[in-house]
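Residue numbers (the numbering used here): 364 to 444. Even glycine gets a Cβ: it sits at the ideal position worked out from N, Cα and C.
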């Protein structure tokens with residue numbers, strides 16, 4: 364592993380949602396590039412679109428679970444008070 368790769372790995376966020384968001388940004392950038400520069404690559408564009416949608420769905424799912432957990436914690440605190 365090169366020094367540049369090590370620095371990049373250290374700078375990556377530990378939060379899975381943030382890492383997925385970065386992955387989604389990269390997928391969308393490549394998708395936009397292919398759409399602009401190789402519009403005939405319809406299958407590739409569709410695969411990237413589907414991959415991006417899957418990543419976005421996972422981000423939304425994780426956020427929903429976290430929100431539910433926070434609500435449960437608040438309810439438990441209120442009941443304990």
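Same chain only: Cβ atoms within 7 Å of residue i, ignoring 5 sequence neighbours per side
i: residue 375; result: 382
i: residue 377; result: none
i: residue 380; result: 422, 425 and 426
i: residue 408; result: 394, 397 and 398
N- and C-terminal bounds of the alpha helix (DSSP H) containing residue i
i: residue 401; result: From DSSP, residue 401 is part of no alpha helix (DSSP H); its letter is neither H nor E.
i: residue 436; result: 405-443
Contacts around residue i, its chain only, beta-carbon distance under 8 Å, and the 5 residues preceding and following it disregarded
i: residue 387; result: 415, 418, 419 and 422
i: residue 445; result: One cannot answer for residue 445 here, as it falls past the ends of the chain, which runs 364 to 444.
Neighbour-count burial assignment, residue i, 16 or more Cβ in a 10 Å radius
i: residue 385; result: exposed
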